[in-house]
Amino acid sequence: MSRIKNIHPGEVLNEEFLKPLGITPYALAKEIKVDQTRISEIIRGKRRISPDTAIRLGKYFKTSPQLWLGLQNDFDLEEEILKKRKEFMDIKPQRSAQNRAKKYSMH
Numbered sequence: 001m002s003r004i005k006n007i008h009p010g011e012v013l014n015e016e017f018l019k020p021l022g023i024t025p026y027a028l029a030k031e032i033k034v035d036q037t038r039i040s041e042i043i044r045g046k047r048r049i050s051p052d053t054a055i056r057l058g059k060y061f062k063t064s065p066q067l068w069l070g071l072q073n074d075f076d077l078e079e080e081i082l083k084k085r086k087e088f089m090d091i092k093p094q095r096s097a098q099n100r101a102k103k104y105s106m107h
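Under our numbering, the first residue of the sequence shown is numbered 1, with each subsequent residue one higher.
This is how it looks when you write it as structure tokens:
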């Protein structure tokens, strides 16, 4: 079974917001008052979406900042799991916590 690609939030920004709305990275940067480099690096997956950027994107696109931070956190978590899967699998759960924390466990 093949894995679903882990999508960087910059790809979501570009494909779901900028392109459909006909907005260039330069125009977005100007509108949200940041350097164009910040937006370009986010789109290329070379930079994270910071809380500051999330607030600006949320305000501009009428979305919540949590949307952007959530996309970033989901991406970061999946990347970390992929990089260190074996190491994480070798961690043995604490016995008493094993029964009561099932809903918080990693898959």
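Where is the CB? At the ideal position from N, CA and C, for every residue including glycine.
None of the values given here were measured: they were computed from a predicted structure.
Suppose contacts are defined by Cβ-Cβ distances below 8 Å. Is residue i in contact with residue j by that definition?
i          : j          : result
residue 81 : residue 75 : no
residue 35 : residue 27 : no
residue 79 : residue 14 : no
residue 60 : residue 32 : yes
residue 69 : residue 51 : yes
residue 4  : residue 25 : no
residue 10 : residue 56 : no
So what's residue i in DSSP terms, helix, strand or just coil?
i          : result
residue 34 : coil
residue 92 : coil
residue 40 : helix
residue 22 : coil
residue 6  : coil
At a cut-off of 7 Å, is residue i close to the ligand GDP when judged by its beta-carbon and the heavy atoms of the ligand?
i          : result
residue 82 : Of ligands this structure carries none, so the ligand GDP is not represented either.
Write down every uninterrupted run of the beta strand (DSSP E) in the stretch 41-69 whose length is 3 residues or greater and which is fully enclosed by it, in chain order. none
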